[in-house]
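Residue numbers (our numbering): 23 to 154.
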């Protein structure tokens with residue numbers, strides 16, 4: 023599966039969050055390798071509801087949770103290396119969950135334009151390679 027689907031625990035001021043790499047490395051517009059990372063946070067009625075996750079969808083998810091697409095980021099290789107070497111690695115997400123998260127990224131009104139454009143380009147490249 024490469025980097026896509028890899029999970030790591032990322033600490034922040036709000037506690038620990040499951041962070042999921044949504045794509046493998048792909049060159050961005052500047053021809054620099056990048057990936058998208060999203061994070062999972064506990065569900066509340068005030069948070070984005072585009073994709074709700076439930077216990078059992080990943081071992082780290084023990085209560086109703088959401089993907090915060092407004093926090094989705096494009097990361098360079100050095101940033102990924104830092105996260106993987108300093109974070110707590112977790113089991114990868116399933117292919118099915120990875121597709122659900124990607125679909126949510128495209129549907130969410132909170133996804134930034136640069137992240138959405140990068141993911142659309144990534145998805146088109148994946149589709150082309152699968153049809154060969």
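In this text, a Cβ means the ideal position worked out from N, Cα and C, and glycines have one as well.
Remember, predicted model here, so these are calculated numbers, not experimental data.
Could you check what DSSP says for residue 119 in three-state terms: helix, strand or coil?
In the structure shown, residue 119 sits in a helix (DSSP, three-state: H, G or I).
Where in the segment 87-113 do unbroken runs of the alpha helix (DSSP H), each at least 4 residues long, occur, reported from the N-terminal end onward?
Counting whole runs of 4 or more residues, the segment 87-113 contains the alpha helix (DSSP H) stretches 99-108.
Out of 96, 94, 42 and 97, which one is the CA nearest neighbour of residue 83?
Of the candidates 96, 94, 42 and 97, the one whose C-alpha sits nearest the C-alpha of residue 83 is 42.
Any idea if residue 39 is buried or exposed, counting beta-carbon neighbours within 10 angstroms, 16 or more meaning buried?
Burial call: buried.
Please list the terminal residues of the continuous beta strand (DSSP E) segment that includes residue 39.
Taken as a continuous stretch (DSSP letters only), the beta strand (DSSP E) holding residue 39 covers 37-43.
In its own chain, which residues sit with a C-beta less than 6 Å from the C-beta of residue 50, not counting the 5 before and 5 after it?
Cβ within range, chain order: 56.
Out of 45, 63 and 105, which has the shortest C-alpha to C-alpha gap to residue 87?
It is 63 whose Cα lies nearest to the Cα of residue 87.
Count the other CB atoms within 10 Å of the CB of residue 66; is the residue buried (16 or more) or exposed (fewer)?
Classification of residue 66: exposed, given that the 10 Å Cβ count is below 16.
Within this structure, are the beta carbons of residue 129 and residue 72 separated by less than 8 Å?
In contact: residue 129 and residue 72 (Cβ atoms closer than 8 Å).
Leaving aside the five residues before and after residue 109 along the sequence, list all residues of the same chain whose C-beta is less than 6 Å from its C-beta, in chain order.
For residue 109, where only same-chain residues beyond five positions count, the Cβ hits under 6 Å are 30, 31 and 32.
Skipping 5 residues on each side, what residues in its chain have a beta carbon closer than 8 Å to that of residue 98?
So the list reads 54, 55 and 56, once near-sequence residues are dropped.
Have a look at 124, 113 and 101 and flag the residue whose alpha-carbon is nearest the alpha-carbon of residue 143.
Nearest of 124, 113 and 101 to residue 143, Cα basis: 124.
From this set, 102, 117, 118 and 119, which residue's C-alpha is nearest residue 111's C-alpha?
Measuring from the Cα of residue 111, the nearest candidate turns out to be 102.
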